[in-house]
């Protein structure tokens, strides 16, 4: 069955682990779509989304369902915001500007439905308590946002470039894994506070590291994947084991050109940036509109 309503590249998909027939997708078209397998109907080739959520003003990089409350999911975007949604409402129930650069990653704590984390182009991971955002004037209910930089529980610094993926451990509520365009994987313990949270840093990949996951059965084991065409399985404190090695014969000029274009488009290469502030974001948006008018 095809789920093909997005008008640009789809960047994220996540199944609801509570209401297991639902999943959400996020796209470069700035929208999030909610899909329901039962609503799609048996025998259909093309499915229709149940709902479209269109508050984000830039690419939606990540969409994650709450592992505890099946009605809630979160999203993060290049518009520098994190949003909390209820599947029964097309308007976000909470919005906060959580970084001053593009937000590329988010995840929900597996043990506490109020705790989430975000990762961004500013090289940091921030941990948030959703109950405290409003108290600090950081985020307000009803889709309005303002800067939330002062209300995070902690800020984790240690990556050299943009943070591409973050993941809470399913075994320990204080442990977070993250991967970055600095080609590394980091393990953090938020209980140690911002300054001492970094437990381990692994740097075996030779290109962007774009994904990671924890082993549900083995507490200290996790895997990472990279643009270097490898998957590494890591056991904390030990050397990683490559499960799929790079084929050097496949590295040709075309592959290198694709990587270069990717870095240029996102502005996330070394020395690159992302959207730094609202003024810069609005200027970029106006330039795009002018180019479309000229065409």
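Residue numbers (full-length UniProt numbering): 1 to 295.
In this text, a Cβ means the ideal position worked out from N, Cα and C, and glycines have one as well.
- Relative to the Cα of residue 132, the nearest Cα in the group 184, 29, 61 and 116 belongs to 116.
- Judged by DSSP in its simplified three-state form, residue 55 adopts coil rather than helix or strand.
- A straight-line Cα-Cα distance of about 11 Å links residue 57 and residue 27.
- Where residue 197 is concerned, there is no enclosing beta strand (DSSP E), because DSSP gives it neither an H nor an E.
- DSSP, read as helix, strand or coil, puts residue 37 in helix.
- Taken through DSSP and simplified to helix, strand or coil, residue 221 comes out as strand.
- Annotated three-state conformation of residue 190 is helix, per DSSP.
- Just so you know, the alpha carbons of residue 18 and residue 72 end up roughly 10 Å apart.
- In the DSSP annotation of this structure, residue 50 is not part of any beta strand (DSSP E), being labelled neither H nor E.
- Counting along the chain, residue 206 sits inside no beta strand (DSSP E), nor does DSSP assign it H or E at all.
- For the pair residue 177 and residue 217, the Cα-to-Cα distance works out to about 16 Å.
- Nearest in C-alpha terms to residue 168, of all of 193, 125, 85 and 201, is 125.
- Selection 90, 105 and 161 evaluated against residue 13 yields 105 as nearest (Cα-Cα).
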